[in-house]
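Written below as structure tokens is the structure these notes are about.
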Amino acid sequence: MSYANEDVLEKVKDQMDIVQLVGEYVHLKKSGSNHIGLCPFHNEKTPSFTVSESKQIFHCFGCGEGGDGISFVMKKENLDFVDALKFLADKYGIPWDENPDRDDSREKSNLYNINKEAARYFYNNLLNNKKPREYLAKRGITGEIARKFGLGYATDKWDGLIKHLLEKGFTEDEMVKAGLAGIRKDGSGYFDKFRNRVIFPIIDTRSRVIGFGGRVLDHNLPKYLNSPDTMVFNKGYHLYGLNLLAGNTDRRRILLVEGYMDVISLYAGGVNYAVASLGTALTSNQGKLLKRYGDEVLICYDRDRAGIKATLRAIDVLRELEVDPKVVVLPEGMDPDDFIRENGQSGFQKKVNTALTYVDFKVYILKDQYDIEESKGKIDFTKEVARIIRDMKSPVEQDVYIEKIASQTGVSREAIEHEVRGGQKTQKRFKERIRFEPTITKLPPAHLKAEMDLIGFILMDREYFERISSRIQYEDFQDMDCRFCYRIISDSYEKSDTIDKEALREELSQDQESGEKFNGILNHQPRFQASNWERVIEDLIRTIRHNKLISEKSLILEEMGKLEKSGEDQERFLELLGNIDELNRKINSLVSREEIN
Ligand SMILES: [Zn+2]
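Structural data, given as structure tokens:
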């Protein structure tokens, strides 16, 4: 394969998300850390076809087919390798050059070579100079760690590197192109860009040195200096430390930190899944790398103004990619580097285990920004919070958060709910449904029957529907398929007075995933006598509300259990305790058949 094609191959691999790609051919469902579906290469009724997002591969346990995204396209589209690559390049808008410019690729490989030689030179400097070694030792970085990261040192000479590279046969022009040398203002010659700095080579996942970062040893400015973007280095496409993380077999977690030293100190302290963006705000392409390399994405930036802003921005970038990041919150004024040196691996692990969901983090920040004691502040706060909740996938989860935030802030549940639901569109119902993730997989049979009974009622008569819909909302249904049926039927009642059951059955049984279940729900008939329908419906509603409260309670108990184990955040624990009391009160009054809201 030509150099140019190799370049395209790399870009395709960067852009490709195998779950999304295969998802265009196969209906995939998340299952644990993988996605599963019916194999497109052999006939099967139960799914044995697995796609791994973190490994970017697929495998069928039924027929043994397997490979990466490119081999998937080769098989599915019946193409050879080069044509499959063309197909994907086209798909992702990557230009395909039929006559690759040979100079271009020669220049690139030259850049890799010059960077490699420079890294060697810096590394030898570190071995021969006490000052930077002491600086690193003070930060707990041993010779072994320095070697692992290829750390180096640029002396304070103006031409140390230039002389070395000239000896190795590189030209000054090449050094300038690699960002290693600059041209003197008066045009009289060249100078080393990196001087008197500890050097952090930036290495890609194919073990090539693509650029450098340098940090001063004293208080000079700038504190950090990075290579400029070159033909082989585009800051927005790389993460520092990814080369080491990519070698890990267990890629459960990936932790985004601010700086080189954070990555290295964490690694030295036994946390080997940290990466840093390279002196820029997180880009979408970096977000894609985080998504690919870790099942769980955590952010741990400083807690100062700039750090918070960067965290919020990173959350937005990741949410765009359908990643729900968590935020590791360290004590004020500490970065991961300080923290792990003081508290060790177990201390840091504790912080990771109690990381905030991105929603909790945003609410926590918003609470600081608005004065919710004052009515204007309260309104603005509620609006902002509603925007966050509206963006959440699962209605059950939305509900839990509405409750949680109401009790945390004193803003009424109704006010938040109104803001959240007010902005929600009912149109995209099919799309939304696919994104529902049931939080409870197994419902007690009595509960499921109650939900099916209610749907049976509303299918029968508009009067029943009016009664039920005035007492219950679609989010009250815990079974996702029942909830979906309920929504579809209420939508139909909005358009006309009667329901065309046949058309409905026709529509719903088409659904690949739940068609059979829908059929069961629509055919289910509640048993009751005409004289007591009101009481029967009331009982069913009570059953459903009861179950909803119970599941809210179990989510809170779970969070409390975690807090108890970690022994942290007493305040939050007490707050949850309060929530539990309130829930117990509601549950009791339901059971004793009192009316509650
Ligand atoms: Zn198969």
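Read in order, the letters of the sequence shown correspond to residues 688 to 1284 in the numbering used here.
Quick reminder that beta carbons are idealized off the backbone N, C-alpha and C, glycines included.
- DSSP, reduced to helix, strand and coil, places residue 944 within a strand of the structure shown.
- Membership of residue 1207 in the alpha helix (DSSP H) is indicated by the continuous run 1202 to 1210.
- For secondary structure counted as the alpha helix (DSSP H) over 4 or more consecutive residues, the segment 842 to 881 holds these complete runs in sequence order: 847 to 854 and 859 to 864.
- Separation of residue 934 and residue 899 (C-alpha to C-alpha, rounded to the nearest whole angstrom) is 21 Å.
- A distance criterion of 7 Å places the beta-carbon of residue 749 in contact range of ligand 1, judged by its closest non-hydrogen atom.
- Ranking 733, 697 and 825 by CA distance to the CA of residue 779 puts 697 first.
- At a Cβ-Cβ threshold of 8 Å, residue 759 and residue 747 do not count as neighbours.
- In the displayed model, residue 987 falls within coil according to three-state DSSP, outside both helix and strand.
- In its chain, beyond the 5 residues on either side, 1250 have a beta carbon closer than 7 Å to the beta carbon of residue 1259.
- Under the DSSP assignment, residue 886 falls in the beta strand (DSSP E) whose first and last residues are 884 to 890.
- For residue 1175, the closest alpha carbon among the candidates 1216, 1205 and 1090 is that of 1205.
- Short of 7 Å from the beta carbon of residue 716, and not among the five residues preceding or following it, lie these beta carbons of its own chain, in chain order: 722, 723 and 724.
- Taking C-beta atoms as the reference points, residue 743 and residue 705 count as a pair closer than 8 Å.
- Shortest gap from the CB of residue 987 to any heavy atom of ligand 1: 7 Å or more.
- Residue 1145 places its beta carbon less than 8 Å from that of residue 1151.
- For the set 1190, 830, 1231 and 821, the Cα lying nearest the Cα of residue 1159 is the one of 1231.
- Between the segment 1206 to 1224 and the segment 1053 to 1062, the count of Cβ pairs shorter than 8 Å is below three; the stretches do not touch.
- Judged by the Cβ position, residue 1144 fails to qualify as a neighbour of ligand 1 at the 7 Å threshold, every heavy atom of the ligand being at least this far.
- In terms of side-chain proximity, the C-beta atom of residue 729 is found nearer than 7 Å to a non-hydrogen atom of ligand 1.
- As for any beta strand (DSSP E) of minimum length 3 sitting wholly inside the segment 813 to 842, the runs are 839 to 841, ordered along the chain.
- Per DSSP, the beta bridge partners of residue 736 are 724 and 747.
- Here the alpha carbons of residue 1202 and residue 793 stand approximately 57 Å from one another.
- Remark: the shortest separation between the CB of residue 736 and any heavy atom of ligand 1 falls under 7 Å.
- For residue 1154, the closest C-alpha among the options 1188, 1221, 950 and 1211 is that of 1221.
- Comparing alpha carbon positions, the residue from 837, 868 and 926 closest to residue 885 is 837.
- Measuring C-alpha to C-alpha distances from residue 988 to each of 963, 1138, 881 and 1087 identifies 963 as the nearest.
- In this structure, residue 726 has its CB closer than 7 Å to one or more heavy atoms of ligand 1.
- For residue 983 against residue 1028, the beta-carbon gap comes to about 24 Å, at or over 8 Å, which does not count as contact.
- The segment 812 to 825 makes no contact with the segment 911 to 918, as fewer than three CB pairs between them are under 8 Å.
- For the pair residue 741 and residue 718, the CB atoms are not nearer than the 8 Å cut-off.
- For residue 1014, the pairing in a beta bridge is given by DSSP as 986 and 1043.
- 1234 is the residue among 1244, 1234, 1079 and 946 whose C-alpha sits nearest the C-alpha of residue 1274.
- Rounded to whole angstroms, the separation of the alpha carbons of residue 830 and residue 801 is 24 Å.
- According to the DSSP assignment, residue 1152 belongs to the alpha helix (DSSP H) that extends over 1149 to 1158.
- Bridge pairing for residue 754: 745 [DSSP].
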